[in-house]
Amino acid sequence: MHEVRYQELPDEELLRLSLEPAPSRQAEECWRELFERYRARLALWCLRYAGDREEAADLAQEVLFRAWHRRAGFQEESRFSTWLYAICRNHCLNHVKAKQSRIREQVVDDLPSLAAEAPAPERALDESRRQGLARTWIRELLNEQERLVMSLHYGQELPLDAVTRLLGLNNASGAKALVVSAKRKLQAAARAWRGEAEGDGNA
Amino acid sequence: MREAFERTEHCPEVEKLALLEEGRLEQAEAARLRTHVEGCTACEAELALYRGFLAAESRVEERPDVEYISARLSNPAAAERESESWWQRWLKLPAVPRWAFSVAALLLVAAVSLQVWRRQSGIGEVEWSGVARSGQLTLEAPLGELDQAPRRFSWRPAPGASIYQIRVLEVDGAQLWTGDSRETQFPAPAELLKQLGPRRAFIWEVVGLDGNGKEVARSGRARFRWDSSEEGTSR
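Chains as they are written, first to last, in this note's numbering: chain A, 51 to 253; chain B, 182 to 416.
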């Protein structure tokens, strides 16, 4: 009888075979192979989100159960690794967010208030212009690490220690130092913009 | 300004970003997405994390924890099979040919007829020996999803059982705790409660023994898991 060598099959083929109706030895063997391929990766990723190994083990186990129960919904255009990553990312992010209070602190004084202080009413910026200005400063003034840290902390509301672990930052203060330097640059840009705006208004 | 770091309605899902990264999108769609991603900090961060997941390179200080977590994980396919009772497994049997049902029905009719004939003719009657075959034992609590750790385990009495043996297991079948009880319930001891962490599934079972230690009844394996709402919101 022909023996299937599961170790040689691609992830997506293993997933397809694991969809056979239970109980099927082949379905279970396929899932076992996928489990062996990805267990360490899930463990690492959940550890970086959670920062605690017991909590990370629970998270990783829940991710595995979710993946197992949702395997029929796998879209074949994606890779298995991407699909599993998306489940892991969403589950870990929800868990971390549920544990902490919302990050409400502002990055810099908000641009609407700056606009309100601008002397001439015609300088009041509409929403899309404000966003455009902020995005220009971010692209032009911040380096890649600062952008990533700011986006994960303020955009995805991840705590700074998780951001440090996820990005593998090895500087002394981790993500916190990069947030400080990024905010300093953005505040300087905002001050300069306000100064120019006031200068124009007085002219 | 924080909105500039957040995802917008134009940001693609990570699956789409991965297809872009792998060069598996049609040219026009790829060009449109690339333009967006180059100017979007949220997508840039999303891609950075995705690449980190694929690389999966643990740092030296992370390795002991990663090994510990990996060892604790159980394969959900095997764990689910372990926690299913025999009848659940039977219900999931692959398609049974129609003729098999006809044969089963004929055998059943034959067996009942034989039994009726034996009773009527007095053949094969034996006196009740007082030895009960191992029967089913019904578990009452804890079962399923709970909002707090179980304080008490309880089950229905089984005929002939004078002592009950309780086992609590991890979903992979590893034994966490075992103990005996003469009652049909027992309070969860502190050393067990310490091991019953929130948001983790556990399995338990009970075996009923007679005065000579012979098994007279056995439960199926029941699963439970607890998660209090306070647990999710406090640090």
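For every residue, glycine included, the Cβ atom is placed at its ideal position computed from N, Cα and C. Just so it is clear, the structure is predicted and the values come from calculations on it, not from any experiment.
Out of B:GLU225, B:ALA259, B:GLY204, B:ALA258, state which residue places its alpha-carbon closest to the alpha-carbon of GLN206 of chain A. With respect to the C-alpha of GLN206 of chain A, the residue from B:GLU225, B:ALA259, B:GLY204, B:ALA258 having the closest C-alpha is B:GLU225.
Do three or more CB pairs link the stretch 225-244 of chain A to the stretch 186-202 of chain A at distances below 8 Å? The stretch 225-244 of chain A vs the stretch 186-202 of chain A: in contact.
Span of the alpha helix (DSSP H) holding PHE130 of chain A? 130-149
Taking C-beta to C-beta, are ASP61 of chain A and PHE130 of chain A nearer than 7 Å? yes
Return the chain-ordered list of same chain residues with a C-beta closer than 7 Å to the C-beta of ALA192 of chain B, the five sequence neighbours on each side being excluded. In the sequence as displayed, the identity of residue 192 of chain B is Cys instead of Ala. So the qualifying residues of the chain are CYS221, ALA223, CYS224.
By the DSSP assignment, the beta strand (DSSP E) with ALA398 of chain B in it spans what residues? 396-400
For GLU203 of chain B, collect the residues of the same chain with a Cβ closer than 7 Å to its Cβ; drop the 5 residues on either side in sequence, then sort them by chain order. For GLU203 of chain B, same chain residues with a beta-carbon under 7 Å away, outside a window of 5 residues either side, do not exist.
What's the C-alpha gap between ARG87 of chain A and GLY325 of chain B? 30 Å
Name, going along the chain, the residues of the stretch 216-233 of chain B whose beta-carbon falls closer than 7 Å to a beta-carbon of chain A. Hits within the stretch, in order: GLY220, THR222, ALA223, GLU225, ALA226, ALA229, LEU230, TYR231, GLY233.
Going along chain B in order, which residues have a C-beta closer than 7 Å to the C-beta of ALA239 of chain A? Under the 7 Å cutoff, chain B gives no residues; its nearest Cβ is about 10 Å from ALA239 of chain A.
Find the residues of chain A that neighbour GLU184 of chain B, judging by a C-beta separation of less than 8 Å, and give them in chain order. GLN181, ALA184
Could you compute how far the alpha carbon of SER400 of chain B sits from the alpha carbon of THR319 of chain B? 6 Å
Residue environment, PRO338 of chain B, which counts as buried when at least 16 other CB atoms sit within 10 Å: exposed
Contacting residues, own chain, Cβ-Cβ under 6 Å from LEU97 of chain A (five flanking each side not counted): ALA106
Can you name the start and end residues of the beta strand (DSSP E) that THR359 of chain B belongs to? 356-362
Selection of the stretch 188-200 of chain B by Cβ proximity to chain A, strictly under 8 Å: Residues passing the 8 Å Cβ filter: ARG188, GLU194, VAL195, GLU196, ALA199, LEU200.
Status (buried if at least 16 other CB within 10 Å, exposed otherwise) for ARG332 of chain B: exposed
Give the DSSP bridge partners of ARG348 of chain B, in chain order. According to the DSSP secondary-structure assignment, ARG348 of chain B is paired through a beta bridge with B:THR359, B:GLU386.
Proximity of LEU109 of chain A and SER239 of chain B at Cβ, strictly below 7 Å: no
Beta carbon proximity, ILE188 of chain A to chain B, threshold 7 Å: Against chain B, the CB of ILE188 of chain A has a partner CB under 7 Å away; the residue lies at that interface.
Here's a check: name, in chain order, each residue in its chain whose Cβ is nearer than 6 Å to the Cβ of ARG241 of chain A, leaving out the five neighbours to either side. In its own chain, leaving out the 5 sequence neighbours on each side, no residue places its CB closer than 6 Å to the CB of ARG241 of chain A.
C-alpha gap between GLY392 of chain B and PRO323 of chain B, whole angstroms: Pairing GLY392 of chain B with PRO323 of chain B, the inter-Cα distance amounts to about 27 Å.
Is it buried or exposed, TRP407 of chain B, if we count other Cβ atoms within 10 angstroms and call 16 or more buried? The residue in question, TRP407 of chain B, is buried, as its Cβ has 16 or more Cβ neighbours within 10 Å.
Locate the alpha helix (DSSP H) running through PRO245 of chain B, then write down its first and last residues. 244-253
Does DSSP classify GLY325 of chain B as helix, strand or coil? Of the three classes helix, strand and coil, the one that applies to GLY325 of chain B here is strand, per DSSP.
Assigned secondary structure, ALA238 of chain A (DSSP; H/G/I helix, E/B strand, else coil): Three-state DSSP puts ALA238 of chain A in a helix.
List the endpoints of the continuous alpha helix (DSSP H) containing GLN366 of chain B. It is not in any alpha helix (DSSP H) - GLN366 of chain B instead sits in the beta strand (DSSP E) that spans 366-368.
Tell me, please, which residues DSSP counts as bridged to TRP336 of chain B. B:LEU320
Leaving aside the five residues before and after LEU208 of chain A along the sequence, list all residues of the same chain whose C-beta is less than 7 Å from its C-beta, in chain order. VAL146, LEU202
Please list the terminal residues of the continuous beta strand (DSSP E) segment that includes ARG183 of chain B. Unbroken run through ARG183 of chain B: none, as it is neither H nor E.
Taking 8 Å as the threshold, find out whether the stretch 372-382 of chain B comes into contact with the stretch 278-297 of chain B through three or more Cβ pairs. Segments in contact, no.
Proximal residues of chain B, C-beta to C-beta of PHE85 of chain A below 7 Å: By Cβ distance, chain B contributes ASN256.
What first and last residue would you give for the beta strand (DSSP E) that runs through ARG404 of chain B? 403-407
Range covered by the alpha helix (DSSP H) that runs through HIS217 of chain B: 208-219
To the nearest angstrom, report how far apart GLU63 of chain A and GLU126 of chain A are at their CA atoms. Rounded to whole angstroms, GLU63 of chain A to GLU126 of chain A spans 10 Å at the Cα level.
Integer Cβ distance of ASN256 of chain B from PHE124 of chain A, believed to fall under 8 Å: Their Cβ separation, rounded to whole angstroms, is 18 Å, which puts ASN256 of chain B and PHE124 of chain A out of contact at 8 Å.
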